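This is how it looks when you write it as structure tokens:
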């Protein structure tokens, strides 16, 4: 049996992996939204428009929510490590940043 202490050494590796996946998928999604805007002269109403337009085969999955990335008012975001949908809000005050308020990951 592997102890929790031994498993804890993998936490930073897992966190780095998740950040990389989020960045890759979010950047790809942002590029797809921009391509849609260039083709149509407007941003898509929802992410499914990217699939129906043939830009993407499927909406990328947010590893934190295990569902599709969120999209609201032309903002693409992941729910982040707290897994709470903050509607694309990120920590804005110095106190929130110092206290480590997770917030959403916005692209």
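In the working numbering, the protein residues as written are 895 to 1001. Glycine residues also receive a C-beta, built at the ideal position from the N, C-alpha and C atoms. No experiment lies behind these values; they were computed from the predicted model shown.
From the DSSP output, which residues share a beta bridge with residue 961?
Counting from one through the chain shown, the residue named residue 961 turns up at place 67. Answer by DSSP bridge pairing, in chain order: 956.
First and last residue of the beta strand (DSSP E) that includes residue 971?
Mapped onto the chain shown, residue 971 falls at position 77. From DSSP, the beta strand (DSSP E) with residue 971 extends over 969-972.
Is there contact between the region 927-938 and the region 952-960, where contact requires at least three CB pairs shorter than 8 Å?
no
What are the residues that DSSP puts in a beta bridge with residue 945?
Within the chain shown, residue 945 is the residue found at index 51, counting from 1. Per DSSP, none; premise fails for residue 945.
Cα-Cα separation, residue 930 to residue 949
Residue numbering aside, residue 930 sits at position 36 when the chain shown is read from its first letter. Residue numbering aside, residue 949 sits at position 55 when the chain shown is read from its first letter. The straight-line gap from Cα to Cα measures roughly 8 Å.
Do you know whose CA, among 965, 958, 960, 927, lies nearest residue 947's CA?
For the purposes of this step, residue 947 is identified with residue 53 of the chain shown, where counting begins at 1. Taking only the C-alpha atoms, the option nearest residue 947 is 927.
For a quick check, are the C-beta atoms of residue 998 and residue 965 less than 8 Å apart?
In the chain shown, residue 998 corresponds to position 104, counting from 1. In the chain shown, residue 965 corresponds to position 71, counting from 1. For residue 998 and residue 965, no; Cβs fall outside 8 Å.
What do you reckon, are the CB atoms on residue 996 and residue 975 nearer than 8 Å?
To locate residue 996, count along the chain shown from 1; it is residue 102. To locate residue 975, count along the chain shown from 1; it is residue 81. Their beta carbons are under 8 Å apart, which means residue 996 touches residue 975 by this criterion.
Residue-chain proximity (residue 969, chain C), Cβ-Cβ < 8 Å:
The structure shown contains no chain C, having only a single protein chain.
Residues bridged to residue 1000 (per DSSP):
Position 106 of the chain shown, counting from 1, holds the residue named residue 1000. DSSP output for residue 1000 lists 971 as bridge partner(s).
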